[in-house]
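Novice: So our numbering is basically just the index in the sequence shown, starting at one, shifted up by 41. This is the structure I have questions about; it appears just below.
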Amino acid sequence: MGASTTRTERTDGTAAVTRPETGNREPGRAEAAGESDRAVTPAKRPRAARRPSVWFEIVLVGVFYAVYSAIRNAVPEQRVQALDNADWVWRAEQFLGIAVEDAVNHAADSVTWLILTMNYYYATLHFVVTVVVLVWLYLAHPGRYAATRLVVFATTGTALLGYYLFPLAPPRLMRGDGFIDTVQVHQTWGSMASGNLADMSNQYAAMPSMHIGWAVWCGVTIAALAKPLWVRVLGVLYPLVTLTVIVCTANHFWLDAVGGVICLAFGFALSWGWYGRIAYRLPRLAAATPARA
């Protein structure tokens with residue numbers, strides 16, 4: 042028996058024919074049609090993160106650090122301006138009531154084994170821990186690796202602006218004898234900030250502190266992604282210990298650390314804008330590479 046039709050009268054006097062749904066329409070057809078319509082305009086999804094090849098990554102990180110070091114060391118060493126800026130930072134910290142770096146520096150230097158340990162810590166772990174965390178991310182969290190590595194790149198690149206716009210002498214190079222250069226006094230091996238290797242590094246690129254920028258990145262990454270509680274605790278402690286070391290060795294002011302955290306915040310913001318969410322909320326596994334036709 043065919044479906045009936047009804048006639049209705051429009052307000053303009055013309056007739057309109059309406060056809061009710063047929064009884065033999067398949068269940069779910071309306072829903073399927075709606076889904077089909079929505080499929081035409083899919084919702085915007087976060088950018089898929091893919092793990093690059095290991096050789097590409099080794100070359101990329103190596104080239105990036107080489108370019109960063111070259112630019113950092115190419116910034117003119119504006120000694121007078123850097124010393125004036127150091128005096129200004131020191132006065133600002135005195136005004137804020139946080140200018141205790143000199144007392145901390147002298148106290149640490151009085152304990153030989155402690156300051157020697159800090160000198161070696163400052164010279165080595167800055168690089169070692171950062172590389173270890175990058176490798177761990179690459180192997181264990183491939184889907185989050187590229188986004189998290191972008192944070193480091195953006196943070197480090199932003200720091201170059203600080204080195205150029207605000208040359209700053211570290212406390213150990215300030216005028217007067219208020220601070221102790223612990224590397225020179227104890228002839229510690231490995232630091233490019235003092236001694237025979239000083240000419241290989243820009244001595245007046247203290248603001249912002251990338252020791253803190255990288256250490257906080259490592260700490261946050263470990264605390265956010267590691268499973269064992271003791272590893273997460275180490276992640277939290279690492280930037281705190283690093284902050285203590287850079288102050289005890291007279292390599293940075295407290296405010297240099299603040300500058301490093303600000304650069305890191307920019308790095309996280311850039312990564313979030315590019316991938317559509319915070320790096321640690323991306324899927325752990327990398328997106329599959331589409332097969333070629």
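Yeah, the Cβ is synthetic: ideal placement off N, Cα and C, and Gly gets one too. Values in this document were obtained by computation on a predicted structure and should not be read as measured data.
When you compare only the Cα positions, how much space is there between LEU178 and ARG185?
Specialist: As a working note, residue 178 is residue 137 in the sequence shown. As a working note, residue 185 is residue 144 in the sequence shown. Near 7 Å, if we compare the C-alpha coordinates of ARG185 and LEU178.
Novice: Which ranges would you report for the beta strand (DSSP E) in the stretch 200 to 269 if only whole runs of at least 3 residues count?
Specialist: As far as the stretch 200 to 269 is concerned, it has no whole beta strand (DSSP E) run of at least 3 residues.
Novice: For GLY64, which three-state DSSP category applies?
Specialist: As a working note, residue 64 is residue 23 in the sequence shown. Note on GLY64: pLDDT 46, under 50, position unreliable in the model; no value is reported.
Novice: Once DSSP output is grouped into helix, strand and coil, what is the label at GLY103?
Specialist: By 1-based counting over the sequence shown, the position of residue 103 is 62. GLY103: helix per DSSP, three-state reduction.
Novice: Return the CA-CA distance between LEU275 and ALA210, expressed in angstroms with no decimal places.
Specialist: In the sequence shown, the residue the question calls residue 275 occupies position 234. In the sequence shown, the residue the question calls residue 210 occupies position 169. Cα to Cα, the separation comes out at about 31 Å.
Novice: Among residues of its own chain, excluding the 5 on either side of CYS259, which ones have a beta-carbon nearer than 8 Å to its beta-carbon?
Specialist: Stepping through the sequence shown from its first residue, residue 259 is reached at position 218. VAL170, THR171, VAL174, GLY276, TYR279 and PRO280.
Novice: Helix, strand or coil for ARG113 per DSSP?
Specialist: To locate residue 113, count along the sequence shown from 1; it is residue 72. Helix at ARG113.
Novice: Determine the closest residue to ASN114 out of TYR205, SER312, ALA133 and LEU137, with distance taken between C-alpha atoms.
Specialist: Counting from 1 along the sequence shown, the entry for residue 114 is found at position 73. Answer by Cα proximity: TYR205.
Novice: Just the C-alpha distance for LEU137 and TRP295, rounded to the nearest angstrom, thanks.
Specialist: Position 96 of the sequence shown, counted from the first residue, corresponds to residue 137. Position 254 of the sequence shown, counted from the first residue, corresponds to residue 295. Whole-angstrom Cα-Cα distance: 11 Å.
Novice: Can the beta-carbon of ILE303 be found less than 8 Å from the beta-carbon of HIS227?
Specialist: Stepping through the sequence shown from its first residue, residue 303 is reached at position 262. Stepping through the sequence shown from its first residue, residue 227 is reached at position 186. No, these two residues do not count as a Cβ contact at 8 Å.
Novice: Whose C-alpha, out of HIS293, PHE207, ALA188 and THR153, is nearest the C-alpha of PRO324?
Specialist: Position 283 of the sequence shown, counting from 1, holds the residue named residue 324. Ranking the options by Cα distance to PRO324, first place goes to ALA188.
Novice: Express the C-alpha separation of ALA164 and ALA181 in angstroms, rounding to a whole number.
Specialist: Residue 181 sits at position 140 when you count from the first residue of the sequence shown. Residue 164 sits at position 123 when you count from the first residue of the sequence shown. Cα to Cα, the separation comes out at about 27 Å.
Novice: Can you name the start and end residues of the alpha helix (DSSP H) that SER94 belongs to?
Specialist: On the sequence shown, position 53 is the one that residue 94 refers to. Per DSSP, SER94 belongs to no alpha helix (DSSP H) and is neither H nor E.
Novice: By the three-class DSSP mapping on this structure, what secondary structure does ARG325 have?
Specialist: To locate residue 325, count along the sequence shown from 1; it is residue 284. Note: ARG325 maps to coil in three-state DSSP.
Novice: Is THR223 near ASP297, with beta carbons less than 8 Å apart?
Specialist: What you label residue 223 is simply residue 182 of the sequence shown in a count that begins at 1. What you label residue 297 is simply residue 256 of the sequence shown in a count that begins at 1. No; because the gap between Cβ atoms is not below 8 Å, this pair is not in contact.
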